[in-house]
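Engineer: The sequence shown begins at 1 in my numbering and counts up one residue at a time.
The beta carbon of each residue, even a glycine, is placed where N, CA and C say it ideally should be.
Have a look at this one.
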Amino acid sequence: MKRIEALEARRRTLLARCDQQRAEIAYRVARIRPGMQLVQWTRRAPQSAADHPLAWLAAIASLIIMLRRRKLISWLPWITGMLSLVSRAARLMRLIAQLRTPPPPGSVPD
């Protein structure tokens, strides 16, 4: 009788372990699915690479390099000027955002 009880207890522990492993595998498969990766990618912070203007400029520049190399050489002064303007505009936007945020509680206003 004790042997049967021991086997039943072992069976219950093995079934519990199987359920735990099944849940873990389902969780991992759900994280691997492309749809879930797309959802996680779109829920990222706005500082993700797709929202950064320099990433878009780099992508456009790589397309131009692949398609028309000679045209790129004639566009270099224009591209560097635009890159300078974009970086200055980004810096200005960051400064404006910092100035518009309220001071943290407990700080002494000037």
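#1: May I have the straight-line CA-CA distance separating Ile30 from Ala16, to the nearest angstrom?
#2: Please list, in chain order, all residues of the same chain as Lys71 whose beta carbon is under 8 Å from its beta carbon, the five residues on each side excluded.
#3: Grouping DSSP H, G and I as helix and E and B as strand, with all else coil, what is Arg94?
#4: What whole-angstrom Cβ distance do Ala61 and Ile79 have, given they're in contact under 8 Å?
#5: Just the C-alpha distance for Arg3 and Arg33, rounded to the nearest angstrom, thanks.
Structural biologist: Put simply:
#1: Residue 30 sits at position 30 when you count from the first residue of the sequence shown. Residue 16 sits at position 16 when you count from the first residue of the sequence shown. Reading off the sequence shown, one finds Ala at residue 30, where the question assumed Ile. C-alpha separation (whole angstroms): 21 Å.
#2: As a position in the sequence shown, residue 71 is number 71, starting the count at 1. For Lys71, where only same-chain residues beyond five positions count, the Cβ hits under 8 Å are Ile64.
#3: Here residue 94 refers to the residue found at position 94 of the sequence shown. The DSSP-derived three-state label of Arg94 is helix.
#4: For this step, residue 61 is matched to residue 61 along the sequence shown. For this step, residue 79 is matched to residue 79 along the sequence shown. Their Cβ separation, rounded to whole angstroms, is 7 Å, which keeps Ala61 and Ile79 in contact under 8 Å.
#5: Residue numbering aside, residue 3 sits at position 3 when the sequence shown is read from its first letter. Residue numbering aside, residue 33 sits at position 33 when the sequence shown is read from its first letter. Approximately 45 Å, taken between the alpha carbons.
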